[in-house]
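Visitor: Note that the sequence shown covers residues 42 to 338 in our numbering. Where a beta carbon is used, it is the ideal one built from N, C-alpha and C, also for glycine. Note that this is a predicted model, so its numbers are computed, not measured.
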Amino acid sequence: MSQSQVAPYGSWKSPVTSDLIVSGTVGLGHITLEGDEVYWIEMRPSEGGRNCIVRRTAGGQTNDVTPPGFNARTRVHEYGGGDFVVHEGTVYFSNFDDQRLYEQAPGAEPRPVTPAGKMRYSDGAVDARRGRLLVVREDHSAEGAEAVNTIVALKIGGEVDGNGGAVLVEGADFYSTPRLSPDGSKLAWLQWNHPNLPWDGSELWVGEVNADGSLGASGKVAGGPEECIFQPEWSPTGVLYFISDRSNWWNLYRLGEGGEPEAMCKREAEFGVPQWLFAMSTYSFAAETRIICAINE
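#1: Assess contact between the stretch 139-150 and the stretch 331-338, defined as three or more Cβ pairs (one per stretch) separated by less than 8 Å. Is contact present?
#2: By alpha-carbon positions, which one of V117, S222, I82, L245 ends up nearest to N251?
#3: Exposed or buried, what is S285 when buried is set at 16 or more other beta-carbons lying within 10 Å of its beta-carbon?
#4: Count Cβ pairs between the stretch 209-227 and the stretch 258-277 that sit closer than 8 Å; are there 3 or more?
#5: Does DSSP put S87 in a helix, in a strand, or in coil?
#6: With a Cβ-Cβ cutoff of 7 Å, do A263 and P239 count as a contact?
#7: What residue range is occupied by the uninterrupted beta strand (DSSP E) comprising M305?
#8: Return the first residue and the last residue of the beta strand (DSSP E) that Y216 is part of.
#9: Pull up the distance between the alpha-carbon of Y120 and that of A320, whole angstroms please.
#10: Could you round the C-beta distance between V67 and E83 to whole angstroms and report it? I think they count as a contact, below 8 Å.
#11: Using only alpha-carbon positions, find the residue among P108, V176, W233, T115 that is nearest to I197.
#12: Just confirm the distance between the C-beta atoms of G313 and W291, as a whole number of angstroms; I'd bet it's less than 8 Å.
#13: Measure the alpha-carbon distance for S259 versus Q316 and round it to whole angstroms.
#14: Exposed or buried, which one is H235 when buried takes at least 16 other CB atoms within 10 Å?
#15: Let me make sure I understand the geometry here. Which of L318, E309, R96, E329 has the alpha-carbon closest to that of R295?
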């Protein structure tokens with residue numbers, strides 16, 4: 042038997058430590074489907090809290106994508122989220138230690154897409170037709186000044202993009218959720234300004250993508266300082282859907298042919314959630330005419 046010990050009040054050392062409690066608990070997040078494969082992030086206390094991207098193949102095999110030494114986690118807006126995106130088996134992810142974006146093709150080692158520096162990246166969308174990645178960039182280069190948020194286009198599949206991306210959208214204090222239409226002709230995104238948080242008031246914008254990849258005519262289609270927009274998504278045929286609290290309930294809408302929001306399911310229920318992180322999702326398309334939603338009544 043162990044010998045009894047006496048210690049002053051408040052100084053007794055418990056053998057049950059915080060490390061012991063969480064060491065066997067793996068956090069799961071950012072579940073992403075691509076074809077018949079599933080990708081997700083595992084937060085592993087046994088590896089110092091490293092975020093590892095994991096893939097489950099169509100055949101049921103599960104394997105790590107990001108090798109040891111890489112931690113798939115971004116610090117954009119400090120809360121992060123939107124740490125990776127996958128396209129045709131190639132994963133693009135933010136690495137926590139240097140906040141650079143990396144590209145990792147199947148069976149290959151990660152290679153940097155962005156230069157070393159004081160820029161952070163999150164919430165990507167692949168523009169395969171133009172060989173680029175559309176992401177939110179947070180620039181901390183100016184000492185003593187507030188970070189500058191933009192949406193940029195990054196070259197992929199080649200050398201490091203030395204400029205850290207070409208700016209497509211700028212001017213607002215914050216951006217999130219750049220989403221490219223299926224035919225690559227339109228870009229949707231969310232933006233908001235101080236003092237609002239995204240669940241206080243945000244705007245949904247849509248811009249025309251020119252043949253050279255630049256952004257043409259753009260405009261606000263929903264939202265404002267008193268209306269929160271959440272999770273814009275394009276349907277398989279290119280109709281823009283989003284969640285809005287314009288009725289005081291977060292309900293699902295789509296943008297009609299005349300440019301006016303159309304309620305898809307008027308209900309005293311919450312289809313959305315506060316956007317604390319990038320790439321949060323509460324609905325997805327099973328088909329053009331079928332949407333799977335998570336709601337809170």
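Guide: A quick look at the data gives this:
#1: no
#2: S222
#3: buried
#4: yes
#5: helix
#6: no
#7: Premise fails: M305 is in no beta strand (DSSP E) and is neither H nor E.
#8: 215-221
#9: 12 Å
#10: 5 Å
#11: V176
#12: 3 Å
#13: 24 Å
#14: exposed
#15: E329
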